[in-house]
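Trainee:
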Amino acid sequence: MRQLGGLLILVIVVAVFAGLLWLNSRPAPAVVVVVPTEPAATEDRNAWQDILRQGFGSNSTPLPTVAIPTGEFRPPTLEVVAEGPSSPLSPDEIAGEQGPTEAPRDPGATPTRPAPTPVPLATDVPVTAQVVTRSPASWQPPPLIPPLSRDPYGRDHYWFSRPIDSTGINSGIDYYTYGSDGGEEFGLRVHHGIDMPNPIGEPVRAAGSGTVVWAADGLRVEGGVFENSPSYGNVVVIEHDFGYRGQKLWTVYAHLSAVLVVPDQFVERGDVIGLVGNTGRVSGPHVHFEVRLGQMRYASTYNPILWIAPYVGSGVIAGRVTDERGRMVDRANITIRNWATGLVERTTTTYIFQGTAYDVNPDPIWQENFAVADVPVGRYEVIANIYGTRYSKIVDVLEGTTSFVELMPASPATAQPVVAQAGN
Numbered sequence: 167m168r169q170l171g172g173l174l175i176l177v178i179v180v181a182v183f184a185g186l187l188w189l190n191s192r193p194a195p196a197v198v199v200v201v202p203t204e205p206a207a208t209e210d211r212n213a214w215q216d217i218l219r220q221g222f223g224s225n226s227t228p229l230p231t232v233a234i235p236t237g238e239f240r241p242p243t244l245e246v247v248a249e250g251p252s253s254p255l256s257p258d259e260i261a262g263e264q265g266p267t268e269a270p271r272d273p274g275a276t277p278t279r280p281a282p283t284p285v286p287l288a289t290d291v292p293v294t295a296q297v298v299t300r301s302p303a304s305w306q307p308p309p310l311i312p313p314l315s316r317d318p319y320g321r322d323h324y325w326f327s328r329p330i331d332s333t334g335i336n337s338g339i340d341y342y343t344y345g346s347d348g349g350e351e352f353g354l355r356v357h358h359g360i361d362m363p364n365p366i367g368e369p370v371r372a373a374g375s376g377t378v379v380w381a382a383d384g385l386r387v388e389g390g391v392f393e394n395s396p397s398y399g400n401v402v403v404i405e406h407d408f409g410y411r412g413q414k415l416w417t418v419y420a421h422l423s424a425v426l427v428v429p430d431q432f433v434e435r436g437d438v439i440g441l442v443g444n445t446g447r448v449s450g451p452h453v454h455f456e457v458r459l460g461q462m463r464y465a466s467t468y469n470p471i472l473w474i475a476p477y478v479g480s481g482v483i484a485g486r487v488t489d490e491r492g493r494m495v496d497r498a499n500i501t502i503r504n505w506a507t508g509l510v511e512r513t514t515t516t517y518i519f520q521g522t523a524y525d526v527n528p529d530p531i532w533q534e535n536f537a538v539a540d541v542p543v544g545r546y547e548v549i550a551n552i553y554g555t556r557y558s559k560i561v562d563v564l565e566g567t568t569s570f571v572e573l574m575p576a577s578p579a580t581a582q583p584v585v586a587q588a589g590n
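Under the working numbering, the first residue of the sequence shown carries the number 167, and numbering increases by one thereafter.
1. Of all the options Pro-530, Val-510 and Phe-408, which has the alpha carbon lying nearest to the alpha carbon of Arg-545?
2. How many whole angstroms separate the CB atoms of Ala-382 and Val-401, which I take to be in contact at a CB cut-off of 8 Å?
3. Would the region 517 to 535 count as touching the region 460 to 468 if we require 3 or more Cβ pairs under 8 Å?
4. Under the assumption that Gly-367 contacts Gly-481 (Cβ atoms under 8 Å), give the Cβ distance between them as a whole number of angstroms.
5. Could you give the residue range of the beta strand (DSSP E) that holds Trp-416?
6. Please say whether Ile-404 and Val-640 have beta carbons closer to each other than 9 Å?
7. Mind pulling the beta strand (DSSP E) runs of 3 or more residues that sit fully within the region 493 to 531?
8. Just the Cα atoms here: how many angstroms apart are Val-177 and Gly-171?
9. So, with DSSP's three-state summary, where would you put Ala-184?
10. Output the boundary residues of the beta strand (DSSP E) element that contains Leu-441.
11. Under the assumption that Pro-476 contacts Leu-354 (Cβ atoms under 8 Å), give the Cβ distance between them as a whole number of angstroms.
12. Out of Thr-514, Thr-377 and Pro-528, which one is the CA nearest neighbour of Trp-473?
13. Report all residues from its chain with a CB closer than 7 Å to the CB of Arg-497; omit the five preceding and five following residues, and keep chain order.
14. Tell me the DSSP secondary structure of Tyr-553 in three-state form.
15. Quick one: is Arg-512 near chain D, going by C-beta distance under 9 Å?
16. If you drop the 5 nearest sequence neighbours on each side, which residues of the same chain put their C-beta closer than 6 Å to that of Pro-308?
17. Is the region 312 to 324 touching the region 541 to 560, taking contact as three or more C-beta pairs under 8 Å?
18. Using only alpha-carbon positions, find the residue among Phe-536, Tyr-419 and Glu-490 that is nearest to Tyr-342.
19. Please state whether the Cβ-Cβ distance between Val-495 and Ile-549 is less than 9 Å.
20. Which runs of the beta strand (DSSP E) at least 3 residues long sit entirely within the region 337 to 368? Give them in chain order.
21. Check the C-beta distance from Ala-576 over to Trp-532 and give it rounded, since I have them as a contact under 8 Å.
22. Arg-491: which of Leu-573, Thr-513, Gly-450 and Lys-414 sits nearest, CA to CA?
23. Please report how far the alpha carbon of Gly-508 lies from the alpha carbon of Ser-395, in whole angstroms.
24. Where does Leu-174 land, buried or exposed, given buried means 16+ other C-beta within 10 angstroms?
25. Roughly how many angstroms lie between the CA atoms of Glu-393 and Trp-305, to the nearest whole one?
26. What is the DSSP secondary structure of Gly-171, reduced to helix, strand or coil?
27. Where does Leu-176 sit, in a helix, a strand or coil, going by DSSP?
28. In the DSSP assignment, find the unbroken beta strand (DSSP E) run with His-323 in it and report its ends.
29. Nearer than 8 Å: is that true of the beta carbon of Thr-555 relative to any heavy atom of the ligand NAP?
30. Looking at His-454: is its Cβ nearer than 9 Å to the Cβ of Ile-360?
31. Can you tell me where the beta strand (DSSP E) holding Pro-542 begins and where it ends?
32. Closer than 6 Å by C-beta to Ser-397: which residues in its own chain qualify, once you throw out the five before and the five after it? Chain order, please.
33. Using C-beta distances below 7 Å, list every residue in its chain close to Glu-547, excluding the 5 sequence neighbours before and after it, in chain order.
34. Just how far apart, CA to CA, sit Glu-259 and Gly-399?
35. Ala-275 to Asp-430, Cα distance in whole Å?
36. Spatial neighbours of Thr-513 within its chain, please: C-beta separation below 8 Å, excluding the five flanking residues on both sides.
As structure tokens, then:
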């Protein structure tokens with residue numbers, strides 16, 4: 167039995183071994199590589215090459231074209247529409263004039279038109295124009311065109327243009343304004359005009375049309391002297407062919423290096439009448455400019471700031487500073503402060519009245535004792551120092567108009583007598 171059992175085990179082992187050999191003798195199955203499916207190609211039915219090949223759009227409506235003008239450009243003109251009748255202000259509402267009035271003329275006098283070649287006044291010093299390069303900070307806008315009066319009550323009278331072009335300095339110096347003496351630092355005589363410092367040879371132009379009534383040295387001339395003073399140097403005086411409220415107007419141009427007009431010559435606004443110089447009693451080359459009203463006298467000057475047109479985008483602040491009794495305060499310090507920025511825009515002082523026959527004059531309408539020119543449009547605080555006390559008011563500046571402000575201390579209360587009642 168043992169031999170039979172051993173034989174059976176041997177047979178089983180041999181069978182298993184034979185099965186393994188049969189399995190290993192079979193060929194290996196082929197390897198299949200899986201490839202991703204590619205999308206089917208689609209036909210582009212609107213290829214741009216085919217569209218162009220077939221001439222698509224050749225029969226479409228063409229785009230409109232604009233004809234290019236070849237002639238000379240001429241700006242369009244508007245039809246002038248006549249305005250209907252307006253309602254003028256009543257005499258009670260009007261305190262001045264809306265425009266200059268024609269000055270009365272002597273029927274027997276005929277103005278002499280400009281000579282073809284004016285003969286300049288001979289001077290001891292040859293005139294040489296100076297070329298001065300100005301910094302951008304000194305640039306100033308152009309002035310408005312006179313005559314100008316935008317005040318609804320006709321109180322403004324900006325009849326004159328500036329005697330110096332905008333390429334030069336055509337505003338007055340701040341430290342020596344009309345009615346001031348330049349302060350303690352300078353101690354000059356009270357100023358009856360404004361000074362525009364410019365290099366020698368800068369053209370000086372007529373501020374308005376009229377007849378030249380003086381064109382010579384202020385002192386050395388046959389037949390009279392101008393103001394009997396050498397201070398003015400070479401002077402031109404124009405009597406204008408328009409006036410104000412029935413009174414004549416004159417403008418004075420002093421310290422010229424050369425005079426380019428002659429007496430009785432008629433000039434238009436803007437005509438060159440002379441060249442900036444330093445003749446007379448001066449500290450440097452400039453033109454001294456005055457406005458005289460009513461009479462051609464030293465005592466008949468008025469502040470030119472209220473007569474020459476302001477700059478574009480600017481106006482004028484004028485005012486009156488008085489004490490509690492209404493008397494004008496001399497030499498009061500005035501500060502113009504920009505309300506939006508808080509910065510000081512300008513400073514000046516009130517007029518000095520010396521109580522003589524040669525005093526400066528407040529404007530016939532405004533009755534001011536200070537004026538500040540060319541203040542940019544905006545809101546400002548006007549501050550005055552009256553005997554050590556600060557007073558201020560807010561004022562709005564409009565283009566081409568005068569904004570007026572009055573500053574004065576509050577009047578002290580008057581003591582009332584105490585009346586005893588019956589029975590006490």
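Glycine residues also receive a C-beta, built at the ideal position from the N, C-alpha and C atoms.
Mentor: Inspection of the coordinates gives the following:
1. The shortest C-alpha separation from Arg-545 is found at Val-510.
2. About 7 Å; that satisfies the 8 Å criterion.
3. The region 517 to 535, when compared against the region 460 to 468, does touch it at the 8 Å Cβ threshold.
4. Incorrect: roughly 32 Å between the Cβ atoms, too far for contact.
5. Bounds of the beta strand (DSSP E) holding Trp-416 are 413 to 425.
6. This structure cannot speak to residue 640, because the chain is shown only from 167 to 590.
7. Listed in chain order, the complete beta strand (DSSP E) runs (minimum 3 residues) inside the region 493 to 531 are 499 to 504 and 510 to 515.
8. In this structure, the alpha-carbon of Val-177 lies about 10 Å from that of Gly-171.
9. Correct three-state label for Ala-184: helix.
10. Element bounds for Leu-441: 438 to 442.
11. The Cβ separation is near 26 Å, so there is no contact.
12. The alpha carbon of Trp-473 has as its nearest neighbour, out of Thr-514, Thr-377 and Pro-528, the alpha carbon of Pro-528.
13. For Arg-497, same chain residues with a beta-carbon under 7 Å away, outside a window of 5 residues either side, are Thr-515, Thr-516 and Ile-518 in chain order.
14. The answer is coil: DSSP assigns Tyr-553 none of H, G, I, E or B.
15. The structure shown contains no chain D; it holds only a single protein chain.
16. If you ignore the 5 residues before and after Pro-308, its C-beta comes within less than 6 Å of the C-beta of Ser-332 and Val-478, all in its own chain and listed in chain order.
17. Taking a cut-off of 8 Å on C-beta distances, the region 312 to 324 does not touch the region 541 to 560, as fewer than three cross pairs fall below it.
18. Tyr-342 has its Cα closest to that of Phe-536, out of Phe-536, Tyr-419 and Glu-490.
19. Taking the C-beta atoms as reference points, Ile-549 is found no nearer than 9 Å to Val-495.
20. 360 to 363, all fully within the region 337 to 368.
21. In this structure Ala-576 does not touch Trp-532 by the C-beta definition: roughly 23 Å separates them, more than the 8 Å allowed.
22. Of Leu-573, Thr-513, Gly-450 and Lys-414, the smallest CA-CA separation from Arg-491 is found for Leu-573.
23. Rounded to the nearest whole angstrom, the C-alpha separation of Gly-508 and Ser-395 is 45 Å.
24. Exposed, by the Cβ-count rule.
25. Approximately 35 Å between the Cα atoms of the pair.
26. Helix, per DSSP.
27. Three-state result, Leu-176: helix.
28. Segment: none, His-323 is in no beta strand (DSSP E) and carries neither H nor E.
29. Among the ligands in the structure shown, none appear at all, so the ligand NAP cannot be discussed.
30. Yes, the Cβ-Cβ distance between His-454 and Ile-360 is below 9 Å.
31. That run of the beta strand (DSSP E) goes 536 to 542.
32. Closer than 6 Å at Cβ, skipping near neighbours: Gly-446 and Arg-447.
33. The answer, listed in chain order, is Arg-503, Trp-505, Ser-558 and Ile-560.
34. Bear in mind that the predicted position of Glu-259 carries a pLDDT of just 47, short of 50, making it unreliable; the figure below should be weighed with that in mind. Those two C-alpha atoms are separated by around 44 Å.
35. Because the pLDDT at Ala-275 is just 44, under 50, the model does not fix this residue reliably, and the value given afterwards should be weighed accordingly. One C-alpha to the other measures close to 10 Å.
36. The answer, listed in chain order, is Asp-340, Asn-499, Ile-500, Thr-501 and Ile-502.
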